[in-house]
């Protein structure tokens, strides 16, 4: 609802929401709409469309001219209007008959119109007929047999072009039938601007009811024709649906081979599963590549049993099928490319199948992974995908070797990935300068290639690096670019939308930007269907971090078994190690230090000590248990140093507006005061500043004396006053 001095804007509002007893703000909404016409009369035109009274004093608003009402009586023809309308047709009908016609139609113009057509074409009215039968008689029944047959093919569409009409007429010019339909009645119209023919809904229902009376075989012929048209339009998802409806599984398989994607967000998973289950297995002898295409889908759907069944069928078929050797080589290579990618983050498995691929004869065409599937499976960090513990440098070198070999055989372009791996490794080991150099180079290559998922991964790392140097403006710029890319390149339905949601959640926790998180991040139950299963561990970890910020410590710890079970299907040690660190943070927040230390040890088992930034991100809660562990094992000392630096950075970044608010305090006292303003306890302040709890207590007393206050509440008030200047 908008108001302007000169223009009038009308916004459609669902009034059932305004009057719903389930909405606490219902009365407030009603009061608001009562206020608007009274205060802005002459400046605002409000249109209310409702089947019931929306406001208690509606009658008063209508009576005073502040609200206009359009009722049922305004939409029907009065008797006087009815007779004026009849005069247009010059009907020779008895007065009693016309009176009955008016009563039958209740004044509704559509019923009057078809009744008049019935009288004109049949000589008399049939007052016993309902609207549906009249439409069938005067709109459908008066068409030629040829046109009725033509309509049986158009029963499945609402709008269509002349080209579509000709297609459904077996490629023959359909102009004369379209002209007949246009001249016959007003339930079929042509939009000359859009060049589209359109069925009125009641006529569309009429011809569809006729379609349903056809034999199954006749209906299937029309389903197949619809599928053929969808193939022509390259709408393969719709083509697949119509072929399946027709029971034409050869059409299903031939269409599947035309897909440019192996699993897009538009796909109907249930349809794909039905197509595979119901397809006669003998047909795969003519379409063996479809078995590989189904494998990809079952892998992405998380349907492991179906995937393995499909693999067994393919291997058995390939041992029996008679094909030219070049064709067999292509099919085997397509299969091994799938198995290579199916290895996901297990470099040993991926290398094994890459060796097989490289040993096979080279083919002119090599099966590709399409752009619809995020090559990162929606995980924003390459390091999180592949790190399986041990020495990170060895993992990075092995992955780089793998990428070079993939590029050599031309599976698809990996340009920039080597630089991103180096950048990720450098960041997690705390070498930020080197990380920035590699990240900048990777981002430049990805942008030139247009590989969206890699651009997002590089921007995410770039945001982390910007945060580490305190450049919040650059962090926001990277996040905004991620979101803009997904909207522009892939639309909001893209799987990568969830990836960006995860990236935003991390920085929302640390800098409060963006201010609003995606709803699914705070929902307690299953992850959205659009998130690929390979990304489940990372998505779960991010959701846990969001829950930590919401102080849901007990809820996190109580869900340990369910969380670990959920992420076990696609194990990734760096992400699972991160999950253990969130458990440790929750335990430390509840002062369960021994439990926190055990979780940290489990994280170390998964990730080793090298990726220090993994630990540093949880420094707020983990300093105390890490210090205790460092007394037992010196390997924790580099981690503690990274945590100390991260805490200092976080404090500096989070409080630029508090600078010099307490000019009379020492630097140490200022640090303590700012943490106290943030609501940290004495114990948490001590852990973050690496001082004793007694030092915090004595420092706070000095702070209160210097500022002439007696409580933390007054300290917060001073801080808030300082930020206003």
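In the working numbering, the protein residues as written are 4 to 728. Yeah, the Cβ is synthetic: ideal placement off N, Cα and C, and Gly gets one too. Just so you know, these numbers come straight off a predicted model, no measurement behind them.
Look up residue 374 in the DSSP assignment and say whether it is helix, strand or coil. Legend: pLDDT at residue 374 = 46, less than 50; position of this residue unreliable, value from coordinates given subsequently. Three-state result, residue 374: coil.
In three-state DSSP terms, what is residue 238? coil
Beta-carbon within less than 7 Å of residue 579's beta-carbon, same chain only, minus the 5 sequence neighbours each way: which residues are those? Within the same chain, residue 579 has close Cβ partners 540, 570, 609.
Once you ignore the five residues that flank residue 274 on each side, which residues in its own chain have a CB closer than 8 Å to its CB? 243, 244, 247
Three-state class that DSSP yields for residue 712 in the structure shown: coil
Rounded to whole angstroms, what's the CA-CA distance from residue 82 to residue 220? Just pull it up for me. 49 Å
Looking at C-alpha atoms only, which residue of 706, 619, 454, 98 is the closest neighbour of residue 86? Ranking 706, 619, 454, 98 by Cα distance to residue 86 puts 98 first.
Residue of 80, 333, 687 minimising C-alpha distance to residue 111: 80
Can you grab the Cα-Cα spacing for the pair residue 487 / residue 420, in whole Å? 22 Å
Give me the residue from 234, 418, 226, 548 with the minimum Cα distance to residue 250. Ranking the options by Cα distance to residue 250, first place goes to 226.
For a test of the three-state rule: what should DSSP assign to residue 683, helix, strand or coil? coil
Candidates 497, 436, 636, of which the one nearest residue 455 by Cα: 497
At which residues does the beta strand (DSSP E) containing residue 202 begin and terminate? 199-202
Rounded straight-line distance, which links the Cα of residue 479 to that of residue 692: 28 Å
Check residue 193 in the structure and name its three-state DSSP category. strand
Assuming the contact rule is C-beta atoms closer than 8 Å, residue 603 and residue 577 should be a hit. Round their C-beta distance to whole Å, please. Going by Cβ atoms, the distance from residue 603 to residue 577 rounds to 15 Å, so no, they are not a contact pair.
Between residue 305 and residue 688, what straight-line distance do the alpha-carbon atoms span, to the nearest angstrom? 45 Å
Would residue 153 and residue 172 be called neighbours here (beta carbons separated by less than 7 Å)? yes
Determine the extent of the alpha helix (DSSP H) in which residue 330 is found, giving its start and end residues. 328-345
Which value, in whole angstroms, describes the spacing of the CA atoms of residue 299 and residue 182? 48 Å
Reducing DSSP to helix, strand and coil, say where residue 693 ends up. coil
Which residues in the same chain have their Cβ closer than 8 Å to the Cβ of residue 307, if we skip the five residues on either side of it in sequence? Here the set comprises 301.
Buried or exposed for residue 428, going by 16 or more other Cβ atoms inside 10 Å? buried
Cα separation between residue 634 and residue 311? A straight-line Cα-Cα distance of about 50 Å links residue 634 and residue 311.
Between which two residues does the alpha helix (DSSP H) carrying residue 295 extend? 292-304
Rounded to whole angstroms, what is the Cα-Cα separation between residue 185 and residue 240? So the two alpha carbons sit approximately 32 Å from each other.
Can you name, in chain order, every residue of its own chain whose Cβ lies under 7 Å from the Cβ of residue 206, other than the five neighbours on each side? 138, 142, 190, 191
Can you find at least 3 beta carbon pairs, one from the stretch 384-397 and one from the stretch 346-362, that sit closer than 8 Å? Yes: the two stretches touch, three or more of their Cβ pairs being nearer than 8 Å.
Would residue 461 and residue 449 qualify as a contact pair, given that the criterion is a beta-carbon distance under 7 Å? yes
With 16 other Cβ atoms within 10 Å as the buried cut-off, status of residue 357: Residue environment analysis places residue 357 among the buried positions, since at least 16 neighbouring C-beta atoms fall within 10 angstroms of its C-beta.
Is residue 179 buried or exposed, if buried means 16 or more other CB atoms sit within 10 Å of its CB? Under a 10 Å Cβ-count criterion, residue 179 is classified as exposed, with fewer than 16 other Cβ atoms of the shown protein chains found around its own Cβ.
Assign residue 162 to one of three DSSP states: helix, strand, or coil. strand
Please name the residue in 260, 647, 253 whose C-alpha comes closest to that of residue 238. 260
Within 10 angstroms of the Cβ of residue 329, are there 16 or more other Cβ atoms? Answer buried if so, exposed if not. Residue 329 comes out exposed.
Starting from residue 510, trace the alpha helix (DSSP H) in both directions and tell me its first and last residue. 499-514
According to DSSP, simplified to helix, strand and coil, what is residue 494? Below a pLDDT of 50, predicted positions are generally treated as unreliable, and residue 494, at 49, falls in that range; no measurement from the model is reported.
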